[in-house]
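For reference, the structure is listed below as structure tokens.
In the UniProt record's numbering, the protein residues as written are 1 to 545.
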């Protein structure tokens, strides 16, 4: 892969940054915006909304193209911020105006706690919110509002609804009900998926009772299988006939038949073998940038998900974040150093090392070097209570799966860490609330959080948000088995721990025909900074240079 020069524009503070072995001028101005240009898309930040609420001030957004405004969840205020996109202009960066802040408390609904998601109906005057109850183990609700904030109805769904989305045909509303346990595990509700008929405003909540699970679906030793299945995020096929739902902690995806409102099956996603060439990672928090093959198996564990079509086939895109079950009464997460005396690595679990190589690595102190690396205690055990394989959280990548079979079509391997090490060498694997070089190498690295796909001039792209590093990877999906890296952008200002747009959490692609500027846009909520960034894209693909 060839990398072009880094383009730095509008960084507030004069000076120099070193990138890829060269110096690049840092220009004055607001806001900070960096583009690592590796392809044919030019990006510009044309808008920023600051909630004024700090961390948690923006989490998820839904854009309404008819009103040119976005509805943004504000977790800090338990509210929806309504933000105008009307004044956005091509190539000009503007602060965006808040039109309204709709507090959940205005509707006098008892025992509701937190807004987790928002969706806008494609045609009707309807906005849907998923709202967690207090306590979170009680059934949650979907709250329906008009687009000017008037209350319509509440609909009871399963415990801890974490995401809502309308089907493309506008006939149904879906909720992923995660059903997390109480911290003390005194109550552990079952996860479920609610299908709401918008004509009758009634919900059918689907459970996993009797649903086929393949042997790759991950379950732990704590609680029943039905309690452990925890739906997280939903995408729907273009024809509105099928939904695909991530079950993050289970490292799996459920397929839902929306014609009959039934869950068809749940399929596990398998593991990523970091012992193989191309899957190298920096797994050591040691103040160095070094991608290497290691005896680690990454559980993909995507949070978000999106679907796209190519050649008449449907594919699933996943950002492979990873997440542990970690509660007061039970936690599966540990550092390798905590269990080093119980580790006996077995080459049967790794394709990239034979037993002699594994033994040599451990004899040379590899486990000491990986002492801070996070693993799960639930996988890799043999009958003697020893860990023959080490399973980590996430893949530090994005993947493409065949929607019919859930077989892996593509994984980006080590590209995210390779690219960020060149684009942001001084801030490689930093975290999202502190500038700490190499600070996240022992735990999920750049941490891909969410994904959205969109069409620009006839080409489908994936936009993948890196939660910790703070930035967005863009890939050309024209060939699903061989996507191409196009560019990396970030509007985080690395001159301070939290400045600019930090920690992207939600993405919405706005196609050119729905954009107020007439060009495709990407809106990104940033949870730690409490801001929304809007980026405009222009393609040079097919143009003569």
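All C-beta atoms, glycine included, are put in the ideal place defined by N, C-alpha and C.
Asked: Exposure label - residue 481; buried when at least 16 CB within 10 Å; Found: exposed
Asked: Under the three-state DSSP convention, the category residue 449 falls into; Found: strand
Asked: Which of helix, strand or coil DSSP assigns to residue 454; Found: strand
Asked: Three-state secondary structure assigned by DSSP to residue 471; Found: strand
Asked: N-terminal and C-terminal residue of the beta strand (DSSP E) that residue 333 is part of; Found: 333-335
Asked: Exposure of residue 168, with buried meaning 16 or more beta-carbon neighbours within 10 Å; Found: exposed
Asked: Assigned exposure category for residue 515 - 16 Cβ within 10 Å defines buried; Found: buried
Asked: Bounding residues of the alpha helix (DSSP H) (the contiguous stretch that carries residue 416); Found: 415-423
Asked: Residue 504 burial status per 10 Å Cβ neighbour count (16 or more: buried); Found: buried
Asked: CA nearest to the CA of residue 446, picked from 283, 109, 251, 333; Found: 283
Asked: Alpha carbon of residue 39 to alpha carbon of residue 512, nearest angstrom; Found: 20 Å
Asked: CA-to-CA distance, residue 315 to residue 308, given in whole angstroms; Found: 5 Å
Asked: C-alpha gap between residue 64 and residue 120, whole angstroms; Found: 6 Å
Asked: Member of 493, 411, 72 whose CA lies at the smallest distance from the CA of residue 434; Found: 493
Asked: Assigned secondary structure, residue 281 (DSSP; H/G/I helix, E/B strand, else coil); Found: strand
Asked: Inter-stretch contact (C-beta, 8 Å, three-pair minimum) for the region 460-473 and the region 521-536; Found: yes
Asked: For residue 207 and residue 54, the rounded distance between their alpha carbons; Found: 37 Å
Asked: Backbone CA spacing between residue 128 and residue 362 [nearest angstrom]; Found: 53 Å
Asked: Closest residue to residue 459 among 497, 311, 502, 343 (Cα-Cα distance); Found: 311
Asked: The alpha helix (DSSP H) enclosing residue 362, as first and last residue numbers; Found: 355-363
Asked: Beta-ladder partner(s) of residue 156, from DSSP; Found: 141
Asked: Integer-rounded CB distance, given that residue 406 should sit under 8 Å from residue 267; Found: 4 Å
Asked: Rounded Cβ spacing between residue 489 and residue 70 (contact assumed at less than 8 Å); Found: The pair is not a contact, with the Cβ atoms about 19 Å apart (cut-off 8 Å).
Asked: Host beta strand (DSSP E) of residue 368 (start-end); Found: Unbroken run through residue 368 is the alpha helix (DSSP H), 366-369; no beta strand (DSSP E).
Asked: Distance between beta carbons of residue 275 and residue 365, contact taken as under 8 Å; Found: Incorrect: roughly 18 Å between the Cβ atoms, too far for contact.
Asked: Range covered by the alpha helix (DSSP H) that runs through residue 225; Found: 225-228
Asked: Coarse secondary structure for residue 121, derived from DSSP in three states; Found: coil
Asked: Whole-angstrom distance between residue 388 and residue 304, CA atom to CA atom; Found: 30 Å
Asked: Status (buried if at least 16 other CB within 10 Å, exposed otherwise) for residue 355; Found: exposed
Asked: Residue 32 to residue 345 span [Cα, whole Å]; Found: 46 Å
Asked: Residues that residue 107 bridges to, as DSSP identifies them; Found: Bridge partners of residue 107: none, in fact.
Asked: Cα-Cα separation between residue 313 and residue 242, rounded to whole angstroms; Found: 13 Å
Asked: Coil, strand or helix - residue 462 by DSSP; Found: strand
Asked: For residue 454, the nearest candidate out of 479, 520, 413, 396 (CA to CA); Found: 520
Asked: Whole beta strand (DSSP E) elements within the region 207-272, 3-residue minimum; Found: 233-236, 242-247, 252-257, 262-268
Asked: Per DSSP, the bridge partner or partners of residue 323; Found: For residue 323, which the question treats as bridged, DSSP gives no partner whatsoever.
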